[in-house]
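Colleague: Line by line, the protein sequences give chains L and Z.
Here my numbering is used: the first residue of the first sequence is 20, the next is one more, and so on.
Here my numbering is used: the first residue of the second sequence is 72, the next is one more, and so on.
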Amino acid sequence: MDMLHIRGLHKRFGDKEVLKGLNLSVPEHSVFGFIGKNGAGKTTTMKAVLGLLRTDDGEIMVGGEKVVYGQTSSNRFIGYLPDVPEFYPFMTAPEYLRFCGEITGGKRSENEKRSKELLELVGLGDETHRIRGFSRGMKQRLGIAQALLNRPRLLICDEPTSALDPVGRKEILDILLAVREQTTVLFSTHILSDVERICTDVAFLNDGVVSIQGKLSDVKSIYRSDEYLLEVERKEDIQGLMRAFRFMRQRADYVLAFHEKDHALFDVLRYVTEGRVSLSKLERVEPTLESLFMEVVEK
Amino acid sequence: MKSLLAFMKKEWMEQLRSGRLVLLGILFALFGIMNPAIAKLTPWLLERMADTLEGSGLALTGISVSALDSWMQFFKNIPMALTIFLLLESRIFTREYQSGTLVLALTKGLERYKVVISKTLLLVLLWSAGYGLCFGITYGYNAYFWGNAAAQNLLHALLCWWLFGVWTIALTALFSAGAQSNTGVLAGTGSVVLASYLIGMFPGAKEYMPTLLMDGNSLIYGSSDVQAYTLAMIITAVLCMLCFAASIPIFNKKQL
Ligand SMILES: Nc1ncnc2c1ncn2[C@@H]1O[C@H](COP(=O)(O)OP(=O)(O)OP(=O)(O)O)[C@@H](O)[C@H]1O
Ligand SMILES: [Mg+2]
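1) Can you pull out the residues from the segment 162-191 of chain Z whose beta carbon lies closer than 7 Å to at least one beta carbon of chain L?
2) Between the Cα of E252 (chain L) and those of L:Y273, L:Y107, L:R155, L:V141, spot the shortest distance and give me the residue it belongs to.
3) According to the Cβ coordinates, are I231 (chain L) and L195 (chain L) closer than 8 Å?
4) Closer than 8 Å by beta-carbon distance: list the chain L residues that pair up with I85 (chain Z), in chain order.
5) Along the chain, where does the alpha helix (DSSP H) containing T63 (chain L) start, and where does it finish?
6) Can at least three beta-carbon pairs, one atom from the segment 231-249 of chain Z and one from the segment 148-167 of chain Z, be found at a separation below 8 Å?
7) Here's the rule I'm using: 16 or more other beta-carbon atoms within 10 Å means buried, otherwise exposed. How should Y210 (chain Z) be labelled?
8) Would you list the one or two residues that DSSP bridges to S44 (chain L)?
9) Over what stretch of residues does the alpha helix (DSSP H) that includes M80 (chain L) continue unbroken?
10) Going by DSSP, name the residue or residues bridged to T208 (chain L).
11) My guess is that L257 (chain Z) and S161 (chain Z) are in contact by the Cβ rule of under 8 Å, so how many angstroms apart are they, rounded?
12) Taking a cut of 8 Å between CB atoms, which residues from the segment 211-226 of chain Z lie near chain L?
13) Mind listing the chain L neighbours of R91 (chain Z)? Cutoff is C-beta to C-beta under 8 Å, in chain order.
14) Rounded to whole angstroms, what's the CA-CA distance from Y300 (chain Z) to F145 (chain Z)? Just pull it up for me.
15) Comparing the C-beta of A77 (chain Z) with each C-beta of chain L, is any distance below 8 Å?
16) Are R183 (chain Z) and G89 (chain L) closer than 8 Å when you measure CB to CB?
17) Would you identify the three-state DSSP class for N225 (chain L), choosing helix, strand or coil?
18) Residues of chain Z with a CB under 7 Å from the CB of E121 (chain L): which are they?
19) Any residues in the segment 306-326 of chain Z with a beta carbon nearer than 7 Å to a beta carbon of chain L? Which ones, in chain order?
20) Mind the definition here: the segment 205-213 of chain L touches the segment 163-182 of chain L only if three or more C-beta pairs lie below 8 Å; say whether that holds.
21) With DSSP as the reference, identify every bridge partner of D177 (chain L), one or two as the case may be.
22) Here's the rule I'm using: 16 or more other beta-carbon atoms within 10 Å means buried, otherwise exposed. How should W115 (chain Z) be labelled?
23) Which chain L residues are close to R88 (chain Z), counting only those with a beta carbon under 7 Å from its beta carbon?
24) At a Cβ threshold of 8 Å, is Q165 (chain L) touching chain Z?
25) So, helix, strand or coil for T202 (chain L), using DSSP?
26) Buried or exposed: where does T254 (chain Z) fall if 16 or more other Cβ atoms within 10 Å of its Cβ makes it buried?
27) Pull up the DSSP beta-bridge partners for F32 (chain L), would you.
28) State the beta-bridge partners of L100 (chain L) as determined by DSSP.
29) With a floor of 4 residues, list each alpha helix (DSSP H) that falls wholly inside the segment 148-185 of chain Z, ordered by position along the chain.
30) Going by C-alpha distance, which of L:A164, L:D237, L:N225, L:R133 is nearest M313 (chain L)?
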């Protein structure tokens, strides 16, 4: 079953159409990377899912329940970390989590225990100051803690790692990975290495629609490039190869690159065996999310 | 119910920790002390000025003050106290819109109407407590200096003014649900009160207007009787309910 399902979502701000019929389905227990450049509409989509934004057309279902603007009942499944989380500055971190716990209901002792655990988890266990003095990274950490407080079935994080130092980023990614057992995680980002590190599924948002979506491995194999790298042992062979295959490009002293569409791999291999060229390496270039992203954005 | 209490607790904590509660306490206490003090000091002040006044041909004889003078000061000064109160508290909604702090509470499943109820109720409570403090102090001093017997219909006059304050709070809540900024809230509330006042200047219209309730002096001096205020009280109470009832659906549709 899909934890989140969006069909034909439209949203315009004035004369600017940001979402033009966006479709998205987030399967249960996935870690879903929602990728798009600045201003693509990631935050807009997430706010619509939370019922915080009036949409122009389309349907959003969370856990089988329809999202209605201004109503908050479908939010009981969701934990949300906004891109810039804002807390009541006059409270301390434990006070804020207590406030959240009282809003969502549940037993007080259970909430106290859970918030203590979570503050420990996000590295705010010893913080006794008021939120007024928190740095952006600290607020983001508290944001993760509050999002996880009511054990949500869907955790929505808007660029959760953007304000964090490298260590903090790794910690938060590990947390997201760890909660996958209990929840579905949807997070937006433009840090592609984060996606490669923890995501099971991805969707690229471009020009108001989701242009690619699916399992990370599937997406990668569909868009597998046909580029090969060839590394020879003797420098002299480079000249010969480049003469024989016009579209081969030299990448380094001993390395050549070619596309399968220009030169069939078997032709190259025949030349290699017949010419007794000694190879040290032949490899197919794996697509990176970067190359995919560029391809999607430029298309 | 639990989430409503949680949100009210948060509102209370905010009032307390931002120092606004103390400020309001001082404000209303000062106003409470000021009324009898001015009444008490008037003869003395006038006596000190008597020499200069005599020079200009005015003669002062036998000035005496009573609790009535103090109560007159009360009804003259309480509009100022209410205005300061509203200025201090008018950002109670818009502050959260601007900082975005409501987003997390709402995405946790807090129903929007509970936000409106909490904030409105807290304002009414603060107003009631502040107003109570102010007249309590005035009442105490008056009783000590002169006795309060001279003031007629006192409780009724106090009740009228309290209700007027509640009405301005209901307006504040209504305009806060609609407007995005503090300016909108103050402008909206201010213009409705002003409109009520201006319409009340037409003959025959005054007794229907909430602003009639501000005229506590006519009651305590006995120049108007209690019945003359009944209609305005009912209308004001109904308006309060309407404002409150309207602010909830408006707030539900608000883009945060
Ligand atoms: N309230 C608003 N009024 C007008 N335009 C808006 C509003 N909110 C968003 N937009 C526009 O919608 C577009 C998408 O914004 P959105 O914040 O969803 O982008 P994003 O993908 O989250 O970008 P980023 O990666 O920078 O966070 C932007 O071009 C922005 O100008
Ligand atoms: Mg964004």
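Virtual Cβ for every residue (Gly too), placed ideally from N, Cα, C.
Modeller: In short, the structure shows the following:
1) S170, G171, T172, V174, L175, A176, L177, T178, K179, G180, L181, E182, R183
2) L:Y273
3) no
4) At residue 85 (chain Z) the sequence reads Glu, which differs from the Ile that was named. Within 8 Å Cβ-Cβ: Y107, F109.
5) 61-68
6) yes
7) buried
8) L:H24
9) Element bounds for M80 (chain L): not the alpha helix (DSSP H) but the beta strand (DSSP E), 76-81.
10) L:I54
11) 6 Å
12) none
13) The contacting residues do not exist; R91 (chain Z) stays about 11 Å from chain L at best.
14) 19 Å
15) yes
16) yes
17) strand
18) K73, S74, A77
19) N323, K324, Q326
20) yes
21) L:S207
22) exposed
23) F109
24) yes
25) coil
26) exposed
27) L:K35
28) L:C176
29) 162-170, 173-178
30) L:N225
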